[in-house]
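Visitor:
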Amino acid sequence: MTASLDFLLPPGLSATEPPEARGMARDAVRLMVSRGDAEPGHHHFSDLPRLLEPGDLIVVNNSATLPAAVRLDRLAVHFSTARNDGTWLVELRRRTSKASEPYAGGEPGEWLPLPGRATLRLIERETPRLWRAELDRDVQAYLRVHGTPIRYSYVERDWPIEAYQTVFATVPGSAEMPSAARPFTAELVTALVARGVGIAPITLHTGVASPEKDEPPYAERYEVPASTARLVNLTRANGGRVVAAGTTVVRALETAAGADGLVSAAAGWTRHVVTPEGGVRAVTGLITGLHEPRSSHLLMLTAIAGRPALARAYEAALREGYLWHEFGDTHLILK
């Protein structure tokens with residue numbers, strides 16, 4: 001199989017709205033816990049403080065989500081990734097009655113008129129799915145006025161941008177929410193700190209991850225601060241666990257880790273892909289959502305959990321009716 005696990009995801013297991021719309025607190029979503037050969041345990045996310053130990057460290061992504069979708073009459077433009085030269089990677093999608101679907105059209109040099117009298121020029125294809133393009137004005141300022149959060153067909157209606165921000169979001173730049181940290185609340189963070197669990201930030205701006213495509217992640221901008229690198233190394237040296245809140249955090253930390261597992265301050269662009277063959281060096285645990293069949297993210301999860309444990313966890317998630325996607329349930333993997 002192409003990406004560690006292949007399975008059929010029933011349509012009824014897609015989270016169609018935020019938990020708050022179902023009358024739940026953010027931290028009331030379910031949390032499945034995988035620990036090596038043990039059978040998965042079933043909790044709620046609010047149980048996280050008692051599932052970790054004093055001296056453990058949670059590393060979070062402080063990237064804030066942009067309203068990165070701009071809708072035209074028949075097409076939508078999803079702004080993905082800012083490049084150093086001022087251009088952006090964008091995905092063109094055909095609008096449907098429910099949301100949007102991939103659009104294979106477009107030509108190099110083509111101009112697309114956008115709302116607000118803006119113009120987007122297609123330069124060249126960066127990947128089979130993404131174009132390098134140039135907007136005739138500042139993109140983030142434009143999106144604040146004319147953009148909406150990216151929404152796929154399993155989410156039944158639009159939600160405000162606040163629904164797509166985590167409690168840690170301070171640095172705008174992600175096309176899609178770093179959703180593993182969505183269940184954290186200020187009260188839960190306080191409880192974790194009171195328990196003796198540390199929290200430290202990295203920044204990684206996520207690009208679009210079209211659910212119709214199975215493809216490796218492309219380069220993303222990241223920063224691991226020196227203070228976070230020191231805390232990661234100190235935690236490991238003292239026998240604590242370094243738990244990444246999301247696959248974006250794993251990618252950033254593993255990019256900044258040396259062969260000895262020590263993490264250094266680092267910033268720039270990462271193309272690092274975590275696989276079972278390469279393994280992980282800095283991270284000893286992961287908080288994540290539930291991922292699509294054949295998703296490249298499952299390779300990363302396999303590197304941390306091992307294939308048998310991950311297969312056991314996903315069998316349990318399907319059996320117990322866990323919810324998938326950004327508004328769904330969560331999974332804590334401990335090595």
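By this note's numbering, the letter at position 184 of the sequence shown is numbered 184, and the numbering carries on one by one without gaps. Glycine is no exception: its CB is placed at the ideal position from the N, C-alpha and C atoms.
#1: Is DSSP giving Ile161 helix, strand or coil here?
#2: Here's a check: name, in chain order, each residue in its chain whose Cβ is nearer than 6 Å to the Cβ of Asp27, leaving out the five neighbours to either side.
#3: For a test of the three-state rule: what should DSSP assign to Leu48, helix, strand or coil?
#4: Classify Glu91 as buried or exposed, calling it buried when 16 or more other Cβ atoms lie within 10 Å of its own Cβ.
#5: Measuring straight from C-alpha to C-alpha, what distance separates Leu334 and Leu120?
#6: Quick one, are the C-beta atoms of Pro178 and Thr206 less than 7 Å apart?
#7: For Leu5, name the three-state secondary structure that DSSP assigns.
#8: In angstroms with no decimal places, state the Cα-to-Cα distance between Ala118 and Ser264.
#9: So Val280 and Asp56 are supposed to be a Cβ contact under 8 Å. How far apart are they, rounded?
#10: Who are the near neighbours of Asp37 in its chain, counting only those whose CB is closer than 6 Å to its CB and skipping five residues on each side?
#11: Are the stretch 130-138 and the stretch 146-153 touching by the rule of at least three beta carbon pairs closer than 8 Å?
#12: What is the DSSP secondary structure of Leu334, reduced to helix, strand or coil?
#13: Counting pairs of beta carbons, one from the stretch 216-232 and one from the stretch 248-264, are three or more of them closer than 8 Å?
Guide: Per the coordinate set shown:
#1: helix
#2: Phe45, Ser46, Pro183, Thr185, Leu188
#3: helix
#4: buried
#5: 45 Å
#6: yes
#7: coil
#8: For Ala118 and Ser264, the distance between alpha carbons rounds to 41 Å.
#9: With a Cβ gap of about 16 Å, Val280 and Asp56 do not count as contacting.
#10: none
#11: no
#12: Reduced to three states, the DSSP call for Leu334 is strand.
#13: yes
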